[in-house]
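Everything in the sequence shown is counted per our numbering, starting at 2 for the first residue and increasing by one.
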Amino acid sequence: MALWIYEDEVIRAEDFDARHLGFANECLAELEADLSPYGVRLLRRRGDAVSVLEELWQQTHFTRLHSHQETGNAITYRRDEAVIAWARQRGVTWQEYAQTGVVRKLRQRDGWSERWLQRMSPAPRPAPTGLRGAPASHLSGESIGVAEDFFLSPDLSIDRRQRGGSSRGHLILDQFLQHRGVGYTKEMSSPVTAWDACSRVSPYLTWGALTVRQCLHASVARKRQLAEETAAGSVIDPRWASALKSFQSRLRWHCHFMQKLEDEPQIEKRNFSRVCDGLRDELHCDPTLLEAWKQGRTGYPLIDACMRALTATGWLNFRMRAMVMSFASYHLWLHWREPGLHLARMFLDYEPGIHWSQCQMQSGTTGINTLRVYSPTKQLLDQDPDGQFLRQWLPELAQVPSAYLAEPWQMPFLEQQFSGCLIGRDYPFPIVDHPTAYRMAQEKMHHLRQRDDSKREARMIQKKHGSRKQGSKRWR
Numbered sequence: 002m003a004l005w006i007y008e009d010e011v012i013r014a015e016d017f018d019a020r021h022l023g024f025a026n027e028c029l030a031e032l033e034a035d036l037s038p039y040g041v042r043l044l045r046r047r048g049d050a051v052s053v054l055e056e057l058w059q060q061t062h063f064t065r066l067h068s069h070q071e072t073g074n075a076i077t078y079r080r081d082e083a084v085i086a087w088a089r090q091r092g093v094t095w096q097e098y099a100q101t102g103v104v105r106k107l108r109q110r111d112g113w114s115e116r117w118l119q120r121m122s123p124a125p126r127p128a129p130t131g132l133r134g135a136p137a138s139h140l141s142g143e144s145i146g147v148a149e150d151f152f153l154s155p156d157l158s159i160d161r162r163q164r165g166g167s168s169r170g171h172l173i174l175d176q177f178l179q180h181r182g183v184g185y186t187k188e189m190s191s192p193v194t195a196w197d198a199c200s201r202v203s204p205y206l207t208w209g210a211l212t213v214r215q216c217l218h219a220s221v222a223r224k225r226q227l228a229e230e231t232a233a234g235s236v237i238d239p240r241w242a243s244a245l246k247s248f249q250s251r252l253r254w255h256c257h258f259m260q261k262l263e264d265e266p267q268i269e270k271r272n273f274s275r276v277c278d279g280l281r282d283e284l285h286c287d288p289t290l291l292e293a294w295k296q297g298r299t300g301y302p303l304i305d306a307c308m309r310a311l312t313a314t315g316w317l318n319f320r321m322r323a324m325v326m327s328f329a330s331y332h333l334w335l336h337w338r339e340p341g342l343h344l345a346r347m348f349l350d351y352e353p354g355i356h357w358s359q360c361q362m363q364s365g366t367t368g369i370n371t372l373r374v375y376s377p378t379k380q381l382l383d384q385d386p387d388g389q390f391l392r393q394w395l396p397e398l399a400q401v402p403s404a405y406l407a408e409p410w411q412m413p414f415l416e417q418q419f420s421g422c423l424i425g426r427d428y429p430f431p432i433v434d435h436p437t438a439y440r441m442a443q444e445k446m447h448h449l450r451q452r453d454d455s456k457r458e459a460r461m462i463q464k465k466h467g468s469r470k471q472g473s474k475r476w477r
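Next comes the structure, spelled out in structure tokens:
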């Protein structure tokens, strides 16, 4: 039997959104269809994991439980502990399967990259040719969870987000490796080009429709194919070499950041660097600033376009994710937890280990990473100089001359009238002054980093969580 549990505590948590549930249901629908020819039934149940498992055990007295090995939020961590205790009590053997390069009970980071390579080296197993489904016709209580069942707000990305399912994941991966990814290295940073140039496989990795190993081996196969075509005399775009190398590196980074949460689950809710405790108000998040940021009404066009695009699609490229989080942390001086929860709900590919590590990295609370305070104006001029992305997501600025797009508040009043965009009415004035906010953030963070206790703690954090140089082995 295959089992999926709609866990109320997980679905009603602060980091969950209807878009997550919708994507998961789409994956489940395809899985159900794939299992059907084998006579294997996909059971869907609602409730806490232990109660659901106990009910099924009472009906079937199963002796083995198989699942993927999860590195999730605090709720799933507590659930796993409860399932371990239940399985021990019932004499059920619970076998978890590692789907990533995350290592349980890792003692130290030295050698982690080599262990990652060892785990990723075996070829992915092919789909089984035969399965024997257990009799399950007598089992009742089928449940397909929908947003209304859990009092979730509607999925605002339903019309534009990616759709779930393993076949879609494999198709998107193949399109990236065969066509879209050729300019990956240089085009991943701009919100204009990233939508096509990036792999877009992240939600499928998050929800188990693809695995890191499948993606890695597919990229290795593509590299081999290109080498064979070159040897046969074909002219190959030279950009493919760096594109595939960059993609493979990011697959490793995917696991590297998840490992941080596995090693220290508390970073979901508290600072990596305890010296940063009290740096920002952890109990009160200015609701006016937070809401303006969430709604894309900060007065900084690139920030606002990114936030609106994210709400509508569930996705942003990495640089833009870093920028909007950095803006909330440094310009608005908000503690990372509340902005992080909003982004978790909006990201279709929300992966707690990656997400909370990145939230803290962009907030300066890891204690070891370079402080990056992005200038929204400079980023717009660098990444969207013609305003293509901007005009798509900020229709009120559609007629604003390109010369004023980065800083529309500088537009003369007569020009505002001509463009049909009055600043303060149709589009807001900046909610903070960039030079002032930048200077304040830099001064506070510099002062903190210069303290002796901060330096001592940074050395300990680097030893436990810091990246190590890759070993000599490389993918061929």
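For glycine and all other residues, C-beta sits at the position ideal for the given N, C-alpha and C. A quick note: this is a predicted structure, and the numbers were derived from the prediction, not measured.
If residue i and residue j are in contact, beta carbons under 8 Å, what's the gap, nearest whole angstrom?
i	j	result
V276	D454	6 Å
F24	R346	Their Cβ separation, rounded to whole angstroms, is 13 Å, which puts F24 and R346 out of contact at 8 Å.
R20	R161	Not a contact, Cβ separation roughly 10 Å.
I432	L311	Not a contact, Cβ separation roughly 18 Å.
W5	R45	5 Å
D264	K456	About 22 Å separates the two Cβ atoms, so there is no contact after all.
H336	E283	5 Å
V178	S220	It should be pointed out that residue 178 corresponds to Leu in this sequence rather than to Val. At roughly 6 Å, the Cβ-Cβ gap stays under 8 Å, so L178 and S220 are in contact.
So which of the options has the shortest CA-CA distance to residue i?
i	options	result
L32	D16, A459, L211 and G182	L211
T101	R181, H255, A244 and D238	H255
L382	S203, V374, D156 and L406	L406
S358	R322, S420, L333 and G388	R322
L349	L280, Q260 and T207	T207
R13	M259, Y185 and L153	L153
Y185	A198, D9 and L178	A198
A3	L372, L66 and D49	L66
I462	R110, V41 and T61	R110
E149	R253, L22 and G92	L22
T299	G48, E10 and P429	P429
L372	C360, T378 and K379	C360
T94	G112, W113, T64 and A75	T64
C307	Y439, D387 and L395	L395
R91	W113, I76, H62 and Q215	H62
S144	L43, Y205 and P127	L43
P353	S220, I76, L29 and G48	I76
P204	R169, H218 and E230	R169
Q389	W196, P38, D238 and R47	W196
F328	P436, P125 and L415	P436
W410	R452, R89 and T378	T378
D156	N26, H257 and G48	N26
T130	D9, Y78, S420 and Y39	Y39
E408	F419, Q418, Q393 and Q380	Q380
R440	D387, W334, I355 and E416	W334
By the 10 Å Cβ neighbour count, where 16 or more other Cβ atoms means buried, how is residue i classified, buried or exposed?
i	result
K474	Any reading at K474 must be qualified, since the residue scores a pLDDT of 48, below 50, and its modelled position is unreliable; no value is offered.
H180	exposed
L303	buried
L132	exposed
Y98	exposed
G472	Note that G472 has pLDDT 42, beneath the 50 cutoff, so the model's placement of it is unreliable and no number is given.
K261	buried
V147	exposed
K106	exposed
Q59	exposed
E188	buried
H448	exposed
R281	buried
L245	buried
R214	buried
A404	exposed
D278	exposed
S330	buried
Under the criterion of a Cβ to heavy atom distance below 7 Å, does residue i qualify as lining the ligand ZN?
i	result
M2	You won't find the ligand ZN in this model; it holds no ligand whatsoever.
Is any beta-carbon of chain C found at less than 8 Å from that of residue i?
i	result
T186	Absence of chain C from the displayed structure is noted, only one protein chain being present.
(message) Quick check for students: name the residue ranges of the alpha helix (DSSP H) that lie wholly in the segment 62-91, counting only runs of 4 or more.
(response) 75-91
(request) Would you check if there are 3 or more beta carbon pairs closer than 8 Å linking the segment 257-271 to the segment 393-412? (result) no
(message) Which complete beta strand (DSSP E) runs does the segment 311-358 hold, if anything under 3 residues is left out?
(response) none
(request) Answer yes if the segment 184-198 comes into contact with the segment 306-325, meaning at least three C-beta pairs across the two stretches below 8 Å, and no otherwise. (result) yes
(message) Does the segment 225-239 come into contact with the segment 64-75, if we say contact requires no fewer than three beta-carbon pairs (one atom in each stretch) closer than 8 Å?
(response) no
(request) Jot down the residue ranges of each uninterrupted beta strand (DSSP E) in the segment 426-455, minimum 3 residues, whole runs only, in chain order. (result) none
(request) Report yes or no: do the segment 86-102 and the segment 113-127 share at least 3 C-beta pairs separated by less than 8 Å? (result) yes
(request) Would you check if the segment 334-341 and the segment 350-366 touch, i.e. whether three or more CB-CB distances between them fall below 8 Å? (result) yes
(request) Could you name each continuous alpha helix (DSSP H) segment of 4 residues or more that falls completely within the segment 204-236, going from the start of the chain to the end? (result) 213-232
(request) Determine contact between the segment 420-427 and the segment 232-248, defined as no fewer than three beta-carbon pairs at a distance below 8 Å. (result) no
(request) Report yes or no: do the segment 323-333 and the segment 163-172 share at least 3 C-beta pairs separated by less than 8 Å? (result) no
(message) As an exercise, report each continuous alpha helix (DSSP H) stretch of at least 4 residues that is fully enclosed by the segment 224-308, in chain order.
(response) 240-264 and 288-296
(request) Counting only runs of 4+ residues fully inside the segment 373-437, write out the alpha helix (DSSP H) ranges in chain order. (result) 377-384, 389-394, 403-406 and 414-420
(request) Enumerate, from N- to C-terminal direction, the unbroken alpha helix (DSSP H) stretches of 4 or more residues contained entirely within the segment 4-30. (result) 9-12
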